[in-house]
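Under our numbering, the first residue of the sequence shown carries the number 48, and numbering increases by one thereafter.
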Amino acid sequence: MSVTFSKLATRLHPKLEAKGVKLEQEDTQEIIRLCFQEIGISLATGEDVFLEGFGRFYPDYKPARKVKSNLTKAEHTTKKKVFVRFSAFAKLTQRVQKYLNALGLDIQEEV
Numbered sequence: 048m049s050v051t052f053s054k055l056a057t058r059l060h061p062k063l064e065a066k067g068v069k070l071e072q073e074d075t076q077e078i079i080r081l082c083f084q085e086i087g088i089s090l091a092t093g094e095d096v097f098l099e100g101f102g103r104f105y106p107d108y109k110p111a112r113k114v115k116s117n118l119t120k121a122e123h124t125t126k127k128k129v130f131v132r133f134s135a136f137a138k139l140t141q142r143v144q145k146y147l148n149a150l151g152l153d154i155q156e157e158v
């Protein structure tokens with residue numbers, strides 16, 4: 048199961064209204080989309096993104112390198128790559144664990 052911008056907006060819209068924020072459902076969805084767009088722009092420019100109580104998104108760069116094909120034995124150079132990494136803060140991990148416990152799910156770490 049995945050959560051889309053539309054599903055997030057559907058979940059957040061009543062919570063915003065309860066706080067007195069008057070927005071249309073589409074406006075709520077657009078705000079969410081803009082927030083994630085800004086996160087993407089920050090990562091693209093090499094910035095880390097810290098979301099308090101949630102986690103840290105950060106770009107991880109892998110340099111170009113020479114590799115040798117096992118089949119042809121020919122050497123070639125790979126392109127430089129960037130990956131987006133995420134590190135959850137303890138507060139988020141605790142909230143997820145608390146929610147899972149409330150559902151009666153016992154998730155054990157593998158050794």
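Even glycine gets a Cβ: it sits at the ideal position worked out from N, Cα and C.
What three-state label does DSSP hand residue i in the structure shown?
{"i": "Asp153", "result": "coil"}
{"i": "Val143", "result": "helix"}
{"i": "Thr124", "result": "strand"}
{"i": "Lys113", "result": "strand"}
{"i": "Lys74", "result": "Going by the sequence as given, residue 74 is Asp instead of Lys. Reduced to three states, the DSSP call for Asp74 is helix."}
{"i": "Leu118", "result": "coil"}
Excluding sequence positions up to five away, which residues of its chain have a Cβ less than 6 Å from the Cβ of residue i?
{"i": "Tyr108", "result": "Val129"}
Please name the residue or residues paired with residue i in a DSSP beta bridge.
{"i": "Ala135", "result": "Gly102"}
{"i": "Val129", "result": "Tyr108"}
{"i": "Val96", "result": "Phe104"}
Would you say residue i touches the ligand ZN, meaning its beta carbon is less than 6 Å from a heavy atom?
{"i": "Phe97", "result": "For the ligand ZN, the structure offers nothing, since it holds no ligand at all."}
Go through its chain and collect everything with a Cβ distance to residue i's Cβ below 8 Å, but skip five positions before and after it.
{"i": "Glu112", "result": "Reading the sequence as shown, one finds Arg at residue 112 and not Glu. Only Thr124 and Thr125 meet the Cβ criterion."}
{"i": "Arg132", "result": "Phe104, Tyr105, Pro106 and Asp107"}
Ordered along the chain, which non-local residues of its own chain (more than five positions away) have a Cβ less than 7 Å from that of residue i?
{"i": "Ala135", "result": "Gly102"}
Which residue's Cα is closest to the Cα of residue i: the options?
{"i": "Leu55", "options": "Gln76, Val96, Leu81 and Leu90", "result": "Gln76"}
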